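Since the structure comes first, as structure tokens, the remarks are kept for the end.
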Amino acid sequence: MKTRNPLIRLFILAVAIWLIIFALIPNFFLLAISFFEPDKHSYVIADFTLNNYERLITPSFITIFTDSLWLAITATAICLLAGYPFAYILARASARFRPWLLLLIVIPFWTSSLIRTYALINILQNNGLLSKLLEFLHLTSEPVSFMYSEFAVLIGLAYTMLPFMILPIYASVEKLDTRLIDAANDLGAGSLRTFWHVILPLTAPGIMSGCILVFLPALTLFYVPDVLGGGKGQLLGNYIQMQFTKPIPDWPLGAATSTILTLVLLLLVLGYKWSLKVSSQRSEFDNADDDREQKISSRFQAIPQAPKISGLGARLMPRKQRIAGSATEGNK
Amino acid sequence: MARKSQTLGWLYSFMVYVFMYLPIVVVIIFSFNKGRFAIWTGFDLKWYKLMFANKEIINAALNSLFLAVSASTLATIFGSIMALVLTRYRFIGRRILNGGVYLLTISPDIVMGISLLIIFILIQIPLGFTTLLISHVVLCTPFVVVTLMGRIQKLDEDLVAAARDLGASEVQAFVQVVFPLLLPAIAAGWLLSFTLSMDDVLISFFVQGSGFEILPLRIYSMVKLGVKPDINALSTIMFVGTVILVLAAQFLLKTRRN
Amino acid sequence: MESEYIIELKNISKYFGTTCALKTVDLSIRNGEFITLLGPSGCGKTTILRLISGFEQPSGGNVHIGGELVNNVPPEKRHVNTVFQNYALFPHMNVFDNVAFGLKMQKMPKSEIKEKVMQMLSIVGLQDLAGRKPGELSGGQQQRVAIARAVVNNPLVLLLDEPFSALDFKLRKHMQLEIKHLQRRLGITFVFVTHDQEEALAMSDRVVVMNQGSIEQIGSPVEIYEEPSNMFVAQFVGDINVLKGEILETITSDLPDSNHAYRAEVEGQIFSVHSDRKFEKGDKINILLRPEDLKLEEEHLGQSPFLAGEIIETVYKGATVDIAIRLDTGLELIAAEFFNEDDEDIDYTPGERVAVTWINGWEVVLLDEDA
Numbered sequence: 001m002k003t004r005n006p007l008i009r010l011f012i013l014a015v016a017i018w019l020i021i022f023a024l025i026p027n028f029f030l031l032a033i034s035f036f037e038p039d040k041h042s043y044v045i046a047d048f049t050l051n052n053y054e055r056l057i058t059p060s061f062i063t064i065f066t067d068s069l070w071l072a073i074t075a076t077a078i079c080l081l082a083g084y085p086f087a088y089i090l091a092r093a094s095a096r097f098r099p100w101l102l103l104l105i106v107i108p109f110w111t112s113s114l115i116r117t118y119a120l121i122n123i124l125q126n127n128g129l130l131s132k133l134l135e136f137l138h139l140t141s142e143p144v145s146f147m148y149s150e151f152a153v154l155i156g157l158a159y160t161m162l163p164f165m166i167l168p169i170y171a172s173v174e175k176l177d178t179r180l181i182d183a184a185n186d187l188g189a190g191s192l193r194t195f196w197h198v199i200l201p202l203t204a205p206g207i208m209s210g211c212i213l214v215f216l217p218a219l220t221l222f223y224v225p226d227v228l229g230g231g232k233g234q235l236l237g238n239y240i241q242m243q244f245t246k247p248i249p250d251w252p253l254g255a256a257t258s259t260i261l262t263l264v265l266l267l268l269v270l271g272y273k274w275s276l277k278v279s280s281q282r283s284e285f286d287n288a289d290d291d292r293e294q295k296i297s298s299r300f301q302a303i304p305q306a307p308k309i310s311g312l313g314a315r316l317m318p319r320k321q322r323i324a325g326s327a328t329e330g331n332k
Numbered sequence: 333m334a335r336k337s338q339t340l341g342w343l344y345s346f347m348v349y350v351f352m353y354l355p356i357v358v359v360i361i362f363s364f365n366k367g368r369f370a371i372w373t374g375f376d377l378k379w380y381k382l383m384f385a386n387k388e389i390i391n392a393a394l395n396s397l398f399l400a401v402s403a404s405t406l407a408t409i410f411g412s413i414m415a416l417v418l419t420r421y422r423f424i425g426r427r428i429l430n431g432g433v434y435l436l437t438i439s440p441d442i443v444m445g446i447s448l449l450i451i452f453i454l455i456q457i458p459l460g461f462t463t464l465l466i467s468h469v470v471l472c473t474p475f476v477v478v479t480l481m482g483r484i485q486k487l488d489e490d491l492v493a494a495a496r497d498l499g500a501s502e503v504q505a506f507v508q509v510v511f512p513l514l515l516p517a518i519a520a521g522w523l524l525s526f527t528l529s530m531d532d533v534l535i536s537f538f539v540q541g542s543g544f545e546i547l548p549l550r551i552y553s554m555v556k557l558g559v560k561p562d563i564n565a566l567s568t569i570m571f572v573g574t575v576i577l578v579l580a581a582q583f584l585l586k587t588r589r590n
Numbered sequence: 591m592e593s594e595y596i597i598e599l600k601n602i603s604k605y606f607g608t609t610c611a612l613k614t615v616d617l618s619i620r621n622g623e624f625i626t627l628l629g630p631s632g633c634g635k636t637t638i639l640r641l642i643s644g645f646e647q648p649s650g651g652n653v654h655i656g657g658e659l660v661n662n663v664p665p666e667k668r669h670v671n672t673v674f675q676n677y678a679l680f681p682h683m684n685v686f687d688n689v690a691f692g693l694k695m696q697k698m699p700k701s702e703i704k705e706k707v708m709q710m711l712s713i714v715g716l717q718d719l720a721g722r723k724p725g726e727l728s729g730g731q732q733q734r735v736a737i738a739r740a741v742v743n744n745p746l747v748l749l750l751d752e753p754f755s756a757l758d759f760k761l762r763k764h765m766q767l768e769i770k771h772l773q774r775r776l777g778i779t780f781v782f783v784t785h786d787q788e789e790a791l792a793m794s795d796r797v798v799v800m801n802q803g804s805i806e807q808i809g810s811p812v813e814i815y816e817e818p819s820n821m822f823v824a825q826f827v828g829d830i831n832v833l834k835g836e837i838l839e840t841i842t843s844d845l846p847d848s849n850h851a852y853r854a855e856v857e858g859q860i861f862s863v864h865s866d867r868k869f870e871k872g873d874k875i876n877i878l879l880r881p882e883d884l885k886l887e888e889e890h891l892g893q894s895p896f897l898a899g900e901i902i903e904t905v906y907k908g909a910t911v912d913i914a915i916r917l918d919t920g921l922e923l924i925a926a927e928f929f930n931e932d933d934e935d936i937d938y939t940p941g942e943r944v945a946v947t948w949i950n951g952w953e954v955v956l957l958d959e960d961a
């Protein structure tokens, strides 16, 4: 609809200003400051320098960066390996139970990650549940603690981020036309080849957006090492946090690190674009909206349709249970 | 064979659910424990009493509630307008605005936190309630936008045309048709914003300042020191609150779907 | 002042950006008639509807409704109502509130609204479903609600935008009849848009055939079908055979309803052809013949002139049979005959030699525009 309404024009202007103030300017300043000199009194001095980036290629930072990267990649891999089969089974569950099963994933999705991280302490601590389980299985003879180790941080990241992997994958599997699988089988492809040639490419966008949603926070959730790692398993997030909280803050270094993070994000977005091409979910006629929507919807729309309480309602429910009553289920 | 793999599948899913919920269940159980340590010694509500007697926690909780209600209300208003503008109208620069919302939604929270902090300090807004409010509104608005955009796009364009055709003005068509159909999604957006605001640590950490402590950061400073039964009680309450809000949001998104 | 025409489009053109949706269209719609805009998608028929309903403004020309210029009158101020393609029923309102919507907008007193709505619902047979939500109705019922919601406002003109596209074949046929009856009963002008030529012929008083933003022909269904004024209309409405020919000389017409007759060479044979159009010697022509207008005989029984050919295929269609014939000139024709098992003249087996003729005077002769 074209608009002649002045009120609407005002709204458009307001949206534009909003985005300039809260998206454009802060990111621009962050980028700018990453090229400035740090200063004790006024945080930064507007002298152009590449020094901050040079400081990022020193061995000590490289170690932090690679360690953090390693943790995030491993956590993402764990989430993917554990989450994909789960999401697949969930999306193929009978329509009667699916909304309830999905609900059980959505609740942790929306529960404070901090509280869920905290909840892990009971499992991982000395004489905690994991230790007891290992004793029960006679894998260890005395109580063990998993706390304050890289392993604890890894488990913490995988645990808190798992729902963020499951929901987008669920959305893409749910959208998958089962007739395609039938067709592949009919044409003589075995289960493995069907998976590799049909299911995997078609669910690639779900996998990619799941990986984006897990990988980025896994680099930045600084409270996970704080709570579970006890100084071990430091993330890029902790490093950035430190630049802003240490007695003499070093904004430019933090800004430079954040810029690196943003670059990583852009790479991932390119990966997502590529995955869309692989699955051909996006025709050349689609506009940018659909594209954007697919990307973020899985994160922000992660609310499946509410199961109706009455039995009748359950039977009347549409066959397709969808996430969030919106974008994820697709752009037809 | 098929049956066997199905059973295996369900067993696997069950294990994932156990992995997901066991830690939370343990926290809930121990919040009712008589003893201080992770050994069950009997039912007691003393940790809840202790928690409610903790002025710092209650104060932070009230602050958080006030902040969350304000932030999610503002975010819902801004987000609704944004979603309407970005979906229903064509104008020059629409793609750029869409891109801007996209940038906001996927940029890492920590980057949003520090970039806002930098802005606040540069334009000398003292850190406190105001900066928290602005930051939370910035955080939540895109969520509302996306929740609503999906719903608006599904809304049949002809419904508005039909209302106009039947004699409704542009405003009447909005009030009588568009708004009632979007209301559940708007309410869901509000609830989700509320949840986000109540849970946010990454952004609030940078923009909180010292005068106005909020619950997630109170919890953050407490859990760094390990397990405490009163945190168990607090976590239980937070968890139950989340469950209620998510259920309510889902119910809203589900109703009037037909 | 009272004009015969309820809607007049004068010199209307419509551009979307640089794309032309309508080029200089004139159309006058009589009060009380059932008129159908027929054409392939993108031909501009829906644009005309939206110009009448007020959702589009013309780029040039004028729209008159009931004698008044309405170019800049918004949709809500026009006394026309629309039945939308997918009905566009308000999902959050029940049937009663949907139908009452227009009356409420007019600020009619509640008691009066109730009376009118219930009366309207009983006309479309939905009085028992007034409390249902649209989602709880079948496709046909939704369709009726959509019609009731529009008609209850007593519009000067009812616009129907492909209203049957979502219905299955049987229901579609049924609703066609129902709408036709409703139109007779209400006496309201109906402007109907469809791409289905059969539907157009079955329902309308007049059909407007459109193509690429222009009107190709306006006429009664019989005129459109039997006297297509150009190749597009001939080929869009129903199946038709096109024979190539050339005018040899003008002769005196031996048929009372044709003004002119010609001797013409048609596919290598000499025929006399009839037309109201004037042709000159040497004009290249197309002879258009509907499949049911062709006559087939066994070749040796044929009386000259005839076109000789061979049956290549027969398609049984229940009441009729379609016969595909390849003439010796190579041209393929389709003939339709009533199926008669006991017909001894011809058994329509592929390979059989046949003589093709047609009923004198039923041919349509058009100048071959491509020649």
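Protein chains in written order, with the working numbering: chain F, 1 to 332; chain G, 333 to 590; chain A, 591 to 961.
Where is the CB? At the ideal position from N, CA and C, for every residue including glycine.
The model shown is predicted, which means the values in this text are computed figures rather than measured ones.
Next on the checklist: Whole angstroms are fine: how far does the CA of Ala678 of chain A sit from the CA of Leu884 of chain A?
Outcome noted: Straight-line Cα distance between these residues: approximately 46 Å.
Next on the checklist: If contacts are defined as beta-carbon pairs under 8 Å, then Leu449 of chain G and Leu399 of chain G qualify, I think. What distance do you get, rounded to the angstrom?
Outcome noted: Going by Cβ atoms, the distance from Leu449 of chain G to Leu399 of chain G rounds to 17 Å, so no, they are not a contact pair.
Checklist entry - Nearest CA to the CA of Asp376 of chain G: which residue from G:Ile413, G:Ile389 and G:Ile360? => result Among G:Ile413, G:Ile389 and G:Ile360, the Cα nearest to that of Asp376 of chain G belongs to G:Ile360.
Next on the checklist: Checking the sheet assignment: what are the DSSP bridge partners for Glu903 of chain A?
Outcome noted: In DSSP, Glu903 of chain A forms a bridge with A:Ala914.
Checklist entry - When the Cα of Asp866 of chain A is compared with those of A:Glu887, A:Pro881, A:Leu891 and A:Thr840, which residue comes out closest? => result When each option's Cα is compared against that of Asp866 of chain A, the closest is A:Thr840.
Checklist entry - Does the distance from the C-beta atom of Ile655 of chain A to that of Ile597 of chain A stay below 7 Å? => result The Cβ-Cβ distance between Ile655 of chain A and Ile597 of chain A falls below 7 Å.
Next on the checklist: I need the straight-line Cα distance from Ala495 of chain G to Ile563 of chain G, nearest angstrom please.
Outcome noted: Going by the C-alpha atoms only, they are around 54 Å apart.
Item to check | Outcome for Lys635 of chain A when other beta-carbon atoms lying within 10 angstroms are tallied against a minimum of 16 | outcome: With 16 or more Cβ atoms within 10 Å of its Cβ, Lys635 of chain A is classed as buried.
Next on the checklist: Judging by CA-CA distance, which residue of A:Gly730, A:Phe861 and A:Gly908 is the nearest neighbour of Asp758 of chain A?
Outcome noted: Nearest option by C-alpha distance: A:Gly730.
Checklist entry - With 7 Å set as the bound, which would you pick, yes or no: does the beta-carbon of Ser412 of chain G sit closer than that to a beta-carbon of chain A? => result Taking 7 Å as the threshold, the shortest C-beta distance from Ser412 of chain G to chain A does not fall below it.
Next on the checklist: So, for Glu646 of chain A: in the same chain, excluding its five sequence neighbours on each side, which residues have a beta-carbon less than 8 Å away from its beta-carbon?
Outcome noted: If we look at Glu646 of chain A and ignore the five residues flanking it on each side, its Cβ neighbours are Lys604, Thr637 and Arg640.
Checklist entry - Since Ala804 of chain A and Val615 of chain A are thought to touch, with beta carbons under 8 Å apart, how far apart are those beta carbons, to the nearest angstrom? => result Ala is not the amino acid found at residue 804 of chain A; the sequence shown has Ser there. Right, their Cβ atoms sit about 7 Å apart.
Next on the checklist: So, at 7 Å on beta carbons, what are the nonlocal neighbours of Val533 of chain G in its own chain, with the 5 sequence-adjacent residues on each side left out?
Outcome noted: Closer than 7 Å at the Cβ level, and outside the excluded window around Val533 of chain G, lie Pro548, Leu549 and Tyr552.
Next on the checklist: Among F:Ile155, F:Pro26, F:Pro163 and F:Ile62, whose alpha-carbon lies nearest the alpha-carbon of Ile212 of chain F?
Outcome noted: Relative to the Cα of Ile212 of chain F, the nearest Cα in the group F:Ile155, F:Pro26, F:Pro163 and F:Ile62 belongs to F:Pro163.
Checklist entry - Does the beta carbon of Ser94 of chain F come closer than 7 Å to any beta carbon on chain G? => result Ser94 of chain F does not count as touching chain G.
Item to check | Within chain A, partners of Leu513 of chain G - CB distance below 9 Å | outcome: Close to Leu513 of chain G, with beta-carbon spacing below 9 Å, are these residues of chain A in chain order: Phe680, Pro681 and His682.
Item to check | Proximal residues to Leu416 of chain G (C-beta, below 7 Å), its chain only, five neighbours per side dropped | outcome: For Leu416 of chain G, where only same-chain residues beyond five positions count, the Cβ hits under 7 Å are Ile484.
Checklist entry - Between Ser501 of chain G and chain A, is there a C-beta pair that is closer than 7 Å? => result Interface residue (Cβ-Cβ distance to chain A less than 7 Å): Ser501 of chain G is classified as such.
Checklist entry - If we cut at 7 Å on Cβ distances, does Ser804 of chain A have a partner in chain C? => result The chain inventory of the structure shown lacks chain C, comprising the protein chains F, G and A.
Item to check | Of the residues A:Gly721, A:Leu956, A:Pro648 and A:Ala909, the one placed nearest Val685 of chain A, counting alpha carbons only | outcome: Comparing Cα-Cα distances from Val685 of chain A to each of A:Gly721, A:Leu956, A:Pro648 and A:Ala909, the minimum goes to A:Gly721.
Checklist entry - Given Ala321 of chain G, which residues of its chain have a CB within under 7 Å of its CB, disregarding the five upstream and five downstream residues? => result Only positions 333 to 590 of chain G appear in the structure, and residue 321 of chain G is not among them; the question remains open.
Checklist entry - Is the Cβ of Leu584 of chain G closer than 7 Å to any Cβ of chain A? => result No, Leu584 of chain G does not count as interfacial toward chain A.
Checklist entry - Beta carbon of Lys706 of chain A, beta carbon of Val673 of chain A: below 7 Å? => result No, the Cβ-Cβ distance between Lys706 of chain A and Val673 of chain A is not below 7 Å.
Item to check | chain G residues whose Cβ lies nearer than 7 Å to that of Tyr239 of chain F | outcome: Contact of Tyr239 of chain F with chain G by beta-carbon distance below 7 Å is absent, the smallest such distance being about 10 Å.
Next on the checklist: Taking 8 Å as the limit between beta carbons, can you name the residues of its chain near Leu838 of chain A, skipping five residues before and five after?
Outcome noted: Excluding its 5 nearest sequence neighbours in each direction, Leu838 of chain A has C-beta neighbours in its own chain below 8 Å: Tyr852, Arg853, Ala854, Glu855, Ile860 and Lys871, listed in chain order.
Checklist entry - When Cβ atoms are compared, which residues of the region 425-442 of chain G fall closer than 9 Å to chain F? => result Correct list: Gly425, Arg426, Arg427, Ile428, Leu429, Asn430, Gly431, Gly432, Val433, Tyr434, Leu435, Leu436, Thr437, Ile438, Ser439, Pro440, Asp441 and Ile442.
Checklist entry - Among G:Ala393, G:Leu397 and G:Ser412, which has the Cα closest to the Cα of Phe339 of chain F? => result The requested residue 339 of chain F is not part of the displayed model; chain F covers only 1 to 332.
Next on the checklist: Nearest by alpha-carbon distance to Tyr938 of chain A: which of A:Ala909, A:Glu887, A:Ser618 and A:Phe896 is it?
Outcome noted: Ranking the options by Cα distance to Tyr938 of chain A, first place goes to A:Glu887.
Checklist entry - Below 8 Å, can you find three or more Cβ-Cβ pairs linking the region 443-462 of chain G to the region 225-234 of chain F? => result The region 443-462 of chain G, when compared against the region 225-234 of chain F, does not touch it at the 8 Å Cβ threshold.
Item to check | Per DSSP, cross-strand counterpart(s) of Phe686 of chain A | outcome: Partner(s): none; Phe686 of chain A has no beta bridge.
Checklist entry - Hey, quick one: how far does the alpha helix (DSSP H) through Gln234 of chain F stretch, first residue to last? => result Neither: Gln234 of chain F is in no alpha helix (DSSP H) and is coded neither H nor E.
Next on the checklist: Could you tell me the alpha carbon to alpha carbon distance between Leu316 of chain F and Met414 of chain G, rounded to whole angstroms?
Outcome noted: Unreliable positioning characterises Leu316 of chain F in this predicted model, as indicated by a pLDDT of 27, which lies under 50. The coordinate reading is nonetheless provided below. About 34 Å.
Item to check | CA-to-CA distance, Ser404 of chain G to Leu308 of chain G, given in whole angstroms | outcome: The first residue shown for chain G is 333 and the last is 590, placing residue 308 of chain G beyond what the model contains.
Item to check | Interfacial residues, the region 338-352 of chain G to chain F, with Cβ spacing under 8 Å | outcome: For the region 338-352 of chain G, which is checked against every Cβ of chain F, the residues closer than 8 Å are Gly341, Trp342, Tyr344, Ser345, Val348, Tyr349, Phe351 and Met352.
Checklist entry - Taking the runs of the alpha helix (DSSP H) that are 4 residues or longer, which of them lie wholly in the region 165-222 of chain F? => result Counting only runs of 4 or more residues that sit fully inside the region 165-222 of chain F, the alpha helix (DSSP H) segments are 178-186, 191-194 and 204-220, in chain order.
Checklist entry - First and last residue of the beta strand (DSSP E) that includes Ile424 of chain G? => result From DSSP, Ile424 of chain G is part of no beta strand (DSSP E); its letter is neither H nor E.
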